[in-house]
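For the sequence shown, our numbering gives the first residue as 769, with consecutive numbering after it. Yeah, the Cβ is synthetic: ideal placement off N, Cα and C, and Gly gets one too. As structure tokens, the structure follows; a few thoughts come after it.
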Amino acid sequence: SSSPHPSGYFHRSSPTPNHHYSGEATGGVFCSVCREMEVAFGSAKSLLGKVLTTLSDGLVAAYVDSLQLGHNSEQIRDKLLHTQGLLHNAQGSHAGDNPNPGLQGLLEKLSRDADQAEDLLDEVHYFQIHDKLHGTLYATTQEAGHQALHAGELHSNIRNVGKMKHLQELKEFHVRNGSMGFELSELGALTELQGGLIIRGLEHVANKEEAAAAKLKLKKNLKEVELLWGRDGPTTDADILDALQPHSNLRALTIANHGGTVGPSWLCLDIWLASLETLTLEGISWSTLPPFAKLPNLKRLKLKKISGMHQFGLRCGGAPGKCSMRLNRVEFYEMPELAEWAVEPNCHSLTSIENIICIDCPNVSVMPFSEVSCTNLRGLQVSGCPKMSLPSMPHTSILTDLYVKGGDSETLLSYDGKLLAVSGYGGALAYHNMDKLEDMAIKNVSCISMQFPSSSSLQKLSFRDCKGLVLVPVENGGEIQEDNSLLQSITTWGCGELFFRWPMAMGESETIYPFPAPLRKLDVWGEQSMKSMALLSNLTSLTSLSLISCGKLTVDGFNPLITVNLKELQVTSSSTLAADLLSEVARTKLLPAGYVSRLEKLIVDNICGLLVAPICSLLAPSLHTLEFQYDGRVKSLTEEQEKALQLLTSLEKLHFLWCYGLQSLPQGLHRLSSLKELHVVGCLKIQSMRKEGLPVSLQKLEMNWRSAEIDEQIEKIKRTNPHLSV
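This is how it looks when you write it as structure tokens:
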């Protein structure tokens, strides 16, 4: 992964994960070392045999064969230092009155090559760390995760970093503090650095001269620089930051916790960083901030903990419409004094902005959401900003990445273009700007009236705990355009007044319905304002219908045709409603000739009302799941009910859930030849099984709070039916 540079130094190509200098890789590095030494010492071996004994082929071979590179590199370094001393002495001893020019030149070359070999080992030491870093980060297991090597820690502790003049990658540099870190002058020697560099501990820099020694202005290949002061550092002289001026090629700059009151002239006064695309300022209190709008290539601006900033603004200073600003993302974090984002009159400079993030800015109230500013806004994230005034959201159809969170980080509003989720959000919603909305979930919202759009891509809709939510009828020809509706599923849960303003009787209006006819799934729970089945008369495409705890709902206005396509039906906590509905279906003459029920799953809380011959005959062809729940009235089935149950010849699953009064299972249970599952939960009064047993077709039995007698009976059944799962 490395190759020799013409000057004898190593230049690093792309890092290879899990690569260590051992085996073949180790040989590759030290073969390069050997080649350097062979060139340096080959022609002089006859003259300086004693000097070069310490670097014999046997010693180098031993190093190559060893896997402990770190230890061996130290030994090689010691030998090189010794060789350097001998070479310098040899040069002196041959520099008499009649020196041998050829030998003197050779000695000088050998001395230079030995110096280069020492620098080479410094770079090998860095690359050893680099490869160990990439090999360890990916191989560390969870158990040993705390021992993982960290890039910043490794890079910031490279020995003799200042000697690696051709070093191209240094992720972090720690300014010397006592015995820790390095002098900035060591960083100054690394003119070939590229990529990103983080400089930490700048609070330990004493003066402008020390800062200038870093020579950041000369590092033209650096694209990202972070200048970081400690949070508890002393107030910093502005000249120090001025002296840390980076090269004009820089693309991304971060300045954090600078203690001075004046920003650097190269950022706040002169437009030096013409290529800058990303700027992050954190923990500063400068009297004058940079002219953000005049940074021609700035695309992303992040401001965090900026002290004393009450107003933010972007001022181009040019003629209207002439601003060439490219800024498309602005972020604010933890700025308690910020109150507004001010926009100049007739300002067109915000059309490039596509994303705004504002987090934990408790006093901000004004953001540029008018029709003439931020017209291309695509993403907005607001959290912990209770005073922010938002228009109807989304304010344009382009805004399709929207998040509003409260102070406790609970999501109040989220929208991604297809899914809208609202939970406790008090602002207005602009449904007309959500033309591609497919799924809408509204929770815990009060004082809201909603009218379905006449044409929409909406497919799924749910309301939960919206106590003030009211569906508004559209009259005078403005009813829902059902032919264009894609709405497939609606769920309402605990709203209470959803149909408060809706006419309940067919005679009042036969053309106004709350839901579009193509609807296929409807779940209504706890809706006391729903009093008549006439509200659902147009829903002849329903395949699933749940009516739960709708205590005032009656069969009045019921249209039997809504059951034609039903596959699932649940009617509970509504007295005799389920039996009334199914009885009406059984005796109606409105159904098509040859009609056969498609109902596959039925959940009710009225055993007596359901187990009658007309209803069971109706359901017999297709019903495979029957669930009775929370019926505390029935103790055991009557003879007529037993006979009706036997009519359900397609029944595969039978549930008795929390039927507190039930004392025994059906007597003819064993004759249900298609039954595969039996679930008996919370029926505490059942103390024994029927002596007739269970059907031989049964594959699964669930029965809790069983008595000892029932357990014994089940064991006997399992011996005759070993495939039964209990």
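When only Cα atoms are considered, Leu938 and Glu971 end up about 20 Å apart. No Cβ-Cβ contact shorter than 8 Å links Leu1237 with Ile1258.
Counting only runs of at least 3 residues, the stretch 942-1003 fully encloses the following beta strand (DSSP E) elements, listed from N- to C-terminal order: 963-968 and 990-996. When DSSP assignments are scanned along the stretch 1150-1220, the uninterrupted stretches of beta strand (DSSP E) that are 3 or more residues long and fall wholly within it turn out to be 1169-1173, 1179-1183, 1187-1191 and 1207-1211.
About 13 Å separates the Cβ atoms of Pro1058 and Gly1081, ruling out a contact at the 8 Å cut-off. For Lys1459, DSSP assigns no beta-bridge partner whatsoever.
Note on the stretch 1030-1081: whole beta strand (DSSP E) runs with a minimum of 3 residues are 1046-1050, 1068-1072 and 1079-1081, in chain order. Taken atom to atom, the span from the alpha-carbon of Ser947 to that of Lys983 is near 23 Å. Per DSSP, reduced to three states, the secondary structure at Lys1289 is strand. A direct Cα-to-Cα measurement between Thr1417 and Pro1389 gives close to 7 Å. In terms of CA proximity to Val1380, Leu1350 leads the group Lys1357, Arg1366 and Leu1350. With respect to the C-alpha of Leu1462, the residue from Arg1439, Leu1071 and Glu978 having the closest C-alpha is Arg1439. Closest in alpha carbon position to Leu1367, among Thr1331, Pro1382, Ile1375 and Arg999, is Thr1331. Close CB contacts of Leu1071 within its chain, under the 6 Å cut and outside five residues either way in sequence, are with Leu1049 and Phe1100 (chain order). Leu1378 is not a Cβ neighbour of Ala1354, given a cutoff of 8 Å. Residue nearest to Cys1451 within the set Lys1444, Trp1473 and Pro1434 is Trp1473 (criterion: CA-CA distance).
By the neighbour-count criterion, in which a residue is buried when 16 or more other Cβ atoms sit within 10 angstroms of its Cβ, Leu1187 is exposed. Each residue's CA atom was taken as its position, placing Lys1335 and Thr1311 some 5 Å apart. Bridge pairing for Arg1232: Lys1211 and Trp1261 [DSSP]. Comparing alpha-carbon positions, the option among Gly1028, Ile1478, Ile1166 and His1447 lying closest to Glu1470 turns out to be His1447.
According to the DSSP assignment, Cys1376 belongs to the alpha helix (DSSP H) that extends over Ile1375 to Leu1378. Inclusion of Thr959 and Lys987 in the CB contact set at 8 Å is warranted, their separation being smaller than that value. Burial check for Ala1196: the Cβ neighbour count within 10 Å stays below 16, so the residue is exposed. If you draw a straight line from the Cα of Gln1149 to the Cα of Ser1043, it is about 27 Å long. For Glu1480 and Gly1400, the gap between their C-alpha atoms comes out near 27 Å. Residue environment analysis places His1026 among the buried positions, since at least 16 neighbouring C-beta atoms fall within 10 angstroms of its C-beta.
At the C-beta level, Ser1343 and Gly1325 stay beyond 8 Å of one another. Annotation for Cys1384: the continuous alpha helix (DSSP H) segment containing it runs Ala1381 to Leu1387. The beta carbons of Gln1079 and Trp1040 sit about 26 Å from each other, so the pair does not count as a contact at 8 Å.
The closest CA to that of Ile1008, considering only Glu977, Ile1485, Glu1407 and Gly1362, is found on Glu977. Where Arg1097 is concerned, the enclosing beta strand (DSSP E) starts and stops at Arg1097 to Tyr1101.
DSSP places Leu1009 in the uninterrupted alpha helix (DSSP H) bounded by Ala1006 to Ala1011. The straight-line gap separating the alpha-carbon atoms of Ile1127 and Leu1018 is approximately 28 Å. The DSSP assignment places 1336-1340, 1369-1372 and 1393-1397 as complete runs of the beta strand (DSSP E) inside the stretch 1317-1403, in order along the chain (cut-off: 3 residues). Apart from the 5 residues on each side of it in sequence, Ala979 sits with its Cβ closer than 6 Å to the Cβ of Val973, Ile1008, Ala1011 and Leu1012 in its chain, given in chain order. Secondary structure note for Leu1413: its alpha helix (DSSP H) is the uninterrupted segment Glu1407 to Gln1414.
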